Every structure is written in C-alpha cells, then in structure tokens.
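S.K.: Going left to right, the sequence shown walks through residues 21 to 456 as this note's numbering numbers them. My questions will all concern the structure given below.
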Amino acid sequence: MSLQDSTSASSKWKVYEKVALRTALIYAVISTIPFAPEFYTQDFDAGFNVNSYTFRWFDAISQNKPWFFASQEGKNYTGWFITVIVCAIAGFLWNILDKKRKDNERLYYWFYVAARYGIALRMSWFAWAKVFPVQMPFPTISQLNTNLGDFTPGKLYWLTTGVSPFFEVFAGVFELLATILILYRRTTTAGALMMIAILVPIWFVNIGYDAGVELTSMHILSLSLLLLVRDSKKFYEILIEHKAAALTYIPKIEFSVDWKNKARLILKYGFILIFIVYRGFGYGNLYANGKSFKLPLDSGLPGVSGIYSVSDFKINNKTIPYEAGDTVRWQNVIFEKFNSISVKIDKPFQVNTKNSVRTTEFYGSIGRYYYGYKADTINHVFSLSNRADTASKLVLHYERPDNNHFILSGINEHKDSIFVVLTKIDKKYPLEQKRK
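Here you go:
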C-alpha cells in the first residue's frame with residue numbers, strides 16, 4: 021500500500037506534529053465510533069417518536085454520544101478536556117512506539133477520513149432535519165397558549181426558530197452543502213470553512229440559550245478546525261499577507277490489492293447512499309406526512325383540535341368554580357392535531373430540561389399537563405396516559421353534543437370522580453395567521 025507523492029512530505033514532519041497527528045486521529049475515532057457496549061445493548065427505540073421509521077437506526081448511530089457529551093446535560097467541558105488530555109498522552113506514547121514510521125502522510129490520510137466522516141455522520145442528521153423542517157416544528161396549540169415566562173430559554177429558541185420555516189430550511193441547505201463538500205477530498209477545505217461559519221454561531225447560541233447541545237456543536241467545530249490546521253500558515257499568507265499559496269492536496273490511498281480499492285469506493289458511496297440520500301428521502305417523507313421528531317406521530321381524533329374553556333368542573337359531584345391560582349380545577353383544555361391533550365392547571369411544576377426528554381412536549385416548559393390518548397370512538401372512551409409520568413393513567417367517557425362541546429366524565433389519577441364540560445374557543449393566533 022502506498023500514497024502517491026508522499027515521500028518528500030513525510031520527511032518534513034516534526035516530533036510535535038507527529039504527536040498532534042496521532043492525538044487528533046485517536047480523538048476523531050473514539051468520538052465517532054461507539055465503543056461502549058451499552059450502545060449496542062440499548063433499546064434503540066426508547067425516547068424517540070420516530071421509531072416506526074427505518075432510518076431511526078441510522079439516527080441512533082449519528083447521535084451516538086461519547087461519555088462527555090451525555091453527562092452533565094451535554095455541558096461536561098471537564099470531561100471533554102480530560103478526553104483530549106488522554107488522547108494526547110496516548111498520541112505521545114504511540115509516537116514513541118511508532119518512531120520508526122517514515123510515512124506519516126498515510127497516517128494523516130486516515131485522520132482526514134475519520135474527521136470528515138465523523139463530521140458528516142452528525143451533520144447530515146441536523147442538515148436534513150432542517151431542509152425538511154422536522155427538527156424545530158411550528159409551535160403547537162398548547163405552546164401558543166403557554167405563557168412566555170413558562171418556557172426555558174432553550175425551548176423558546178427552538179420554538180422561535182420553528183416559527184420561521186424559511187430560515188430553518190435556509191440553514192439546513194447551507195449545512196447540507198457543507199456536509200457534501202466535506203465528503204470529497206478536493207472540496208474538503210471549502211466544506212470545513214463553511215462548517216466553521218455554521219458552527220461558531222450554533223455553539224454560542226447553545227451556550228447563550230442553554231439549548232442542550234453545546235459540546236456536540238463544539239465537537240463538530242473542533243473536527244472542522246483540525247481539518248484546516250495543516251494549512252493555517254498558508255491561510256495567513258493568503259488572507260493577511262495577500263500572497264499566493266497552494267493549499268495542501270491530500271491524495272487518496274491506493275492499495276496494492278484491487279479488491280481493497282473497490283471496497284473503499286463501496287464503503288464511501290454506501291455511506292453517502294444511507295446517510296445522505298436515504299436519510300433525505302426518509303425525512304422528506306416524514307415532513308410530507310405532517311410529522312416531526314419532537315412531537316407524537318399518531319394522529320388525533322379528527323375535527324376536534326383547538327382550545328376549549330372549562331365551563332363546568334366537578335370533583336366527586338362538587339362543583340368547583342373558576343378561581344385564579346386554584347391548584348385543582350382545570351382552566352382550559354387543548355386537543356392537538358396529534359394524539360395529545362394538554363390541561364392548564366395553576367399548580368407548582370418542576371421544569372424538566374433533561375436531554376433524554378427533548379423529543380417530548382413537556383421538555384423545557386411548565387404550566388400544562390400533557391396526556392397521550394387513544395380514542396374508542398364506538399364506546400366513546402378516552403384512555404389517557406400522562407406524557408411525563410406514563411404510570412399515571414385515567415379513563416374518561418366522552419360525549420360530543422355538537423362540534424363545539426365535549427362532556428367528559430370518569431375517574432382521575434387520585435381515584436376521584438370527575439365531570440368536565442368543555443366549550444371550544446374560536447381563537448386566532450397572529451403567529452399562525454402571519455405564517456399563511
């Protein structure tokens with residue numbers, strides 16, 4: 021196995037560059053390939069709303085999180101520094117054991133491959149999820165009726181981005197173009213520069229809004245920067261000194277055995293077919309069906325979506341009149357287009373900002389209880405399960421005397437009898453009207 025025109029370049033490597041190269045290669049590999057046995061034994065469908073789609077398995081690979089990503093809610097910078105230091109020590113020891121190596125260009129080539137595909141593996145997910153805006157959907161009816169102060173900054177940022185699908189699609193197209201460019205050696209530099217322009221503001225947005233993927237964005241940013249480090253002096257000459265300089269060209273590896281060369285091409289275009297083409301088709305299909313990653317996929321009862329005032333509310337046959345601050349009485353009820361019912365109650369809430377529940381409606385907000393429901397339209401029965409506490413269930417019989425009213429009766433989570441009369445409110449939302 022040999023690299024074309026690599027002999028002369030290999031002799032120019034300094035000791036610290038050899039150590040840095042090995043450090044970067046180790047870091048790129050261990051942060052991309054899942055080595056923890058727990059990854060392969062996990063329930064791949066747990067915590068995701070898109071588990072009925074085949075590409076869900078590919079998403080699990082793209083979203084593999086090294087330990088320093090997952091701990092401390094994605095903000096474990098200490099863990100990241102420890103990882104980098106361990107990689108540096110390993111790189112130093114590797115250089116000692118491998119001191120007789122003459123062809124460092126070959127080693128650099130493998131770093132080049134690991135970094136590029138590590139970036140593309142993650143960014144293809146983010147890119148397609150914005151090109152077809154399913155990552156940050158338009159606010160639901162429940163979210164439109166949640167007080168501004170009841171959202172965390174991170175959730176508010178996601179919602180305000182979802183308000184403008186045009187901006188989200190534009191960002192996705194830019195990310196997708198950078199991802200595709202980075203997959204080809206001749207355009208990697210252009211792709212890495214675009215990726216840096218994308219990821220610097222994303223990283224600071226995540227820090228400023230506490231949006232939950234600080235280390236993920238910083239990690240992809242660091243890999244993009246590493247791809248450009250070798251030409252840093254040449255960039256200085258071009259941009260600052262205005263001199264002509266030729267950027268480094270990384271030739272492909274040519275194996276002495278032909279089947280290995282063919283296998284390399286099969287792996288490359290297999291990656292592109294799965295993570296770029298097939299993933300794009302899957303996300304496009306998801307969007308065409310009006311679905312989103314962050315919201316339930318099951319459709320709700322047709323023709324009932326909207327906000328309803330609670331005109332009558334009884335517990336154990338005792339009428340409870342409306343009073344602001346009441347911690348028992350329902351204030352309003354919302355039926356979503358999908359199979360969720362949310363209830364506004366004035367009682368203390370514990371905000372949940374765990375990354376493991378980012379795909380749920382109650383992530384990053386308070387003020388409403390969210391229930392998933394199944395409707396038995398023959399016996400007129402709602403079977404409700406609390407989205408935050410799936411062990412909390414209730415069964416309510418329903419009547420619908422007309423299109424604007426619901427009458428609910430049954431037993432609540434506390435084993436009390438409950439009777440509720442709902443009246444639909446014809447409410448307009450400027451955000452939604454402007455969108456049209």
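Every residue gets a Cβ at the ideal spot worked out from N, C-alpha and C, and that includes glycine. Computed from a prediction, not measured in an experiment: that's the story for all the values here.
Give me the residue from Ile327, Pro86, Ile365, Gly111 with the minimum Cα distance to glycine 99.
M.R.: Numbered from 1 along the sequence shown, position 79 holds the residue referred to as residue 99. Checked all of Ile327, Pro86, Ile365, Gly111; the closest Cα to glycine 99 is Pro86.
S.K.: Please name the residue, chosen from Ser82, Leu197, Pro450, Ser319, that lies closest to alanine 217 on a Cα-to-Cα basis.
M.R.: In the sequence shown, the residue the question calls residue 217 occupies position 197. Nearest of Ser82, Leu197, Pro450, Ser319 to alanine 217, Cα basis: Leu197.
S.K.: Report all residues from its chain with a CB closer than 7 Å to the CB of alanine 308; omit the five preceding and five following residues, and keep chain order.
M.R.: As a first step, residue 308 must be located in the sequence shown, where it is residue number 288. If we look at alanine 308 and ignore the five residues flanking it on each side, it has no Cβ neighbours.
S.K.: Quick check on DSSP: helix, strand or coil for histidine 239?
M.R.: To locate residue 239, count along the sequence shown from 1; it is residue 219. If DSSP states are grouped into helix, strand and coil, histidine 239 belongs with the helices.
S.K.: Do you know how far the Cα of tyrosine 393 is from the Cα of proline 316?
M.R.: Position 296 of the sequence shown, counted from the first residue, corresponds to residue 316. Position 373 of the sequence shown, counted from the first residue, corresponds to residue 393. Rounded to the nearest angstrom, the two C-alpha atoms are 11 Å apart.
S.K.: Please name the residue in Leu164, Thr181, Asn336, Leu416 whose C-alpha comes closest to that of methionine 448.
M.R.: Sequence index remark: in the sequence shown, residue 448 carries index 428 (1-based). Position check: residue 448 holds lysine in this sequence, whereas methionine was assumed. Per the Cα distances, Leu164.
S.K.: Just to confirm my understanding: we take proline 159, look at its own chain, exclude 5 residues before and 5 after, and list those with CB closer than 8 Å. What are they?
M.R.: The residue given as residue 159 occupies position 139 in the sequence shown. Closer than 8 Å at Cβ, skipping near neighbours: Leu179, Gly182, Val183, Leu451.
S.K.: If we ignore side chains and look at the alpha-carbon of each, how far apart do glycine 67 and glutamine 155 end up?
M.R.: What you label residue 67 is simply residue 47 of the sequence shown in a count that begins at 1. What you label residue 155 is simply residue 135 of the sequence shown in a count that begins at 1. Per-residue confidence for glycine 67 stands at a pLDDT of 48, beneath the threshold of 50, marking its modelled position as unreliable; no derived number is given.
S.K.: Tell whether a beta-carbon distance below 8 Å holds between isoleucine 445 and serine 162.
M.R.: To locate residue 445, count along the sequence shown from 1; it is residue 425. To locate residue 162, count along the sequence shown from 1; it is residue 142. Their beta carbons are not under 8 Å apart, which means isoleucine 445 does not touch serine 162 by this criterion.
S.K.: Can you tell me whether phenylalanine 68 is helix, strand or coil according to DSSP?
M.R.: Translated into positions along the sequence shown, residue 68 becomes position 48. With a pLDDT of only 46 at phenylalanine 68, under 50, the local geometry of the prediction cannot be trusted, and no value is derived from it.
S.K.: Between the beta-carbon of threonine 43 and the beta-carbon of alanine 108, is there less than 8 Å?
M.R.: One-based indexing of the sequence shown puts residue 43 at position 23. One-based indexing of the sequence shown puts residue 108 at position 88. The answer is yes: Cβ separation under 8 Å.
S.K.: Could you tell me the distance, in whole angstroms, from the CA atom of aspartate 123 to the CA atom of serine 237?
M.R.: On the sequence shown, position 103 is the one that residue 123 refers to. On the sequence shown, position 217 is the one that residue 237 refers to. Going by the C-alpha atoms only, they are around 33 Å apart.
S.K.: For the alpha helix (DSSP H) containing aspartate 436, name the first residue and the last one.
M.R.: Taking the sequence shown and counting its residues from 1, one reaches residue 436 at position 416. Note, aspartate 436: premise wrong, no alpha helix (DSSP H); not H, not E.
S.K.: Going by DSSP in three states, arginine 388 sits in which element: helix, strand or coil?
M.R.: Along the sequence shown, one-based indexing puts residue 388 at 368. Strand at arginine 388.
S.K.: Hey, would you say serine 405 sits closer than 8 Å to histidine 239, going by beta carbons?
M.R.: Along the sequence shown, read from residue 1 onward, the residue named residue 405 stands at position 385. Along the sequence shown, read from residue 1 onward, the residue named residue 239 stands at position 219. Their beta carbons are not under 8 Å apart, which means serine 405 does not touch histidine 239 by this criterion.
S.K.: Look at the Cβ atom of leucine 213, then the Cβ atom of threonine 207, and state whether they are nearer than 8 Å.
M.R.: The residue given as residue 213 occupies position 193 in the sequence shown. The residue given as residue 207 occupies position 187 in the sequence shown. For leucine 213 and threonine 207, no; Cβs fall outside 8 Å.
S.K.: Ends of the alpha helix (DSSP H) at lysine 272?
M.R.: Numbered from its first residue, the sequence shown carries residue 272 at position 252. Note, lysine 272: premise wrong, no alpha helix (DSSP H); not H, not E.
S.K.: In this structure, does DSSP put lysine 311 in helix, strand or coil?
M.R.: To locate residue 311, count along the sequence shown from 1; it is residue 291. If DSSP states are grouped into helix, strand and coil, lysine 311 belongs with coil.
S.K.: From Leu416, Pro153, Gly169, pick the residue whose C-alpha is nearest to that of glutamate 188; which is it?
M.R.: What you label residue 188 is simply residue 168 of the sequence shown in a count that begins at 1. The option with the nearest alpha carbon to glutamate 188 is Pro153.
S.K.: State the Cα-Cα distance for the pair lysine 357 and arginine 378, rounded to the nearest angstrom.
M.R.: Along the sequence shown, one-based indexing puts residue 357 at 337. Along the sequence shown, one-based indexing puts residue 378 at 358. Distance between the alpha carbons of lysine 357 and arginine 378 is about 20 Å.
S.K.: So serine 144 and serine 82 are in contact, right, with Cβ under 8 Å, and what is the actual spacing, rounded?
M.R.: The count along the sequence shown starts at 1 and reaches residue 144 at position 124. The count along the sequence shown starts at 1 and reaches residue 82 at position 62. So it is a contact: roughly 7 Å between Cβ atoms.
S.K.: Can phenylalanine 171 and serine 385 be called in contact, C-beta distance under 8 Å?
M.R.: As a first step, residue 171 is located in the sequence shown; it is residue number 151 there, counting from the start. As a first step, residue 385 is located in the sequence shown; it is residue number 365 there, counting from the start. Against a cut-off of 8 Å, the Cβ pair of serine 385 and phenylalanine 171 comes out as a contact.
S.K.: Who pairs with asparagine 372 in a beta bridge, going by DSSP?
M.R.: Here residue 372 refers to the residue found at position 352 when the sequence shown is read from its first residue. Answer by DSSP bridge pairing, in chain order: Tyr383.
S.K.: When you compare only the Cα positions, how much space is there between asparagine 375 and aspartate 230?
M.R.: The residue labelled residue 375 in the question sits at position 355 within the sequence shown. The residue labelled residue 230 in the question sits at position 210 within the sequence shown. Their backbone Cα atoms lie some 11 Å apart in a straight line.
S.K.: Taking the alpha-carbon positions, what's the glutamine 453 to valine 324 distance?
M.R.: The residue labelled residue 453 in the question sits at position 433 within the sequence shown. The residue labelled residue 324 in the question sits at position 304 within the sequence shown. For glutamine 453 and valine 324, the distance between alpha carbons rounds to 20 Å.
S.K.: Less than 8 Å between the beta carbons of phenylalanine 439 and lysine 334, yes or no?
M.R.: Your numbering for residue 439 matches position 419 in the sequence shown. Your numbering for residue 334 matches position 314 in the sequence shown. Yes, they are a contact pair.
S.K.: Would you grab the beta carbon distance between asparagine 372 and alanine 408 for me? Rounded to a whole angstrom, and I think it's under 8 Å.
M.R.: Numbered from 1 along the sequence shown, position 352 holds the residue referred to as residue 372. Numbered from 1 along the sequence shown, position 388 holds the residue referred to as residue 408. So it is a contact: roughly 7 Å between Cβ atoms.
S.K.: In whole angstroms, what separates the C-alpha of arginine 121 from that of leucine 45?
M.R.: Your numbering for residue 121 matches position 101 in the sequence shown. Your numbering for residue 45 matches position 25 in the sequence shown. Going from the Cα of arginine 121 to the Cα of leucine 45 covers about 16 Å.
S.K.: Hey, how far is the Cα of valine 193 from the Cα of asparagine 432?
M.R.: Position 173 of the sequence shown, counting from 1, holds the residue named residue 193. Position 412 of the sequence shown, counting from 1, holds the residue named residue 432. Taking the straight line from one Cα to the other gives about 47 Å.
S.K.: Taking the straight line between their C-alpha atoms, what separation do you get for leucine 176 and threonine 166?
M.R.: The residue given as residue 176 occupies position 156 in the sequence shown. The residue given as residue 166 occupies position 146 in the sequence shown. Approximately 11 Å between the Cα atoms of the pair.
S.K.: Look up phenylalanine 158 in the DSSP assignment and say whether it is helix, strand or coil.
M.R.: Working through the sequence shown from its first residue, we reach residue 158 at position 138. The answer is coil: DSSP assigns phenylalanine 158 none of H, G, I, E or B.
S.K.: In chain order, what residues of the same chain have a beta carbon less than 6 Å from the beta carbon of glutamate 257, not counting five sequence neighbours either side?
M.R.: For the purposes of this step, residue 257 is identified with residue 237 of the sequence shown, where counting begins at 1. Lys263, Ala265.
S.K.: I believe arginine 250 touches leucine 203 by the beta-carbon criterion, under 8 Å. Please report the beta-carbon distance rounded to the nearest angstrom.
M.R.: Translated into the one-based positions of the sequence shown, residue 250 becomes position 230. Translated into the one-based positions of the sequence shown, residue 203 becomes position 183. Wrong, their Cβ atoms sit about 19 Å apart, outside the cutoff.
S.K.: Using C-beta distances below 7 Å, list every residue in its chain close to phenylalanine 369, excluding the 5 sequence neighbours before and after it, in chain order.
M.R.: Reading the sequence shown from its first residue, position 349 is the one you call residue 369. Only Ile386, Gly387 meet the Cβ criterion.
S.K.: Measure the Cβ-Cβ separation of valine 415 and glycine 430 and say whether it is below 8 Å.
M.R.: Indexing the sequence shown from 1 puts residue 415 at position 395. Indexing the sequence shown from 1 puts residue 430 at position 410. Against a cut-off of 8 Å, the Cβ pair of glycine 430 and valine 415 comes out as a contact.
S.K.: Using the Cα positions of asparagine 71 and asparagine 337, report the straight-line distance between them to the nearest angstrom.
M.R.: Numbered from its first residue, the sequence shown carries residue 71 at position 51. Numbered from its first residue, the sequence shown carries residue 337 at position 317. Bear in mind that a pLDDT of 48 at asparagine 71, under 50, signals an unreliable position, so the number given afterwards is only what the model happens to contain. Roughly 42 Å separates the two Cα atoms.
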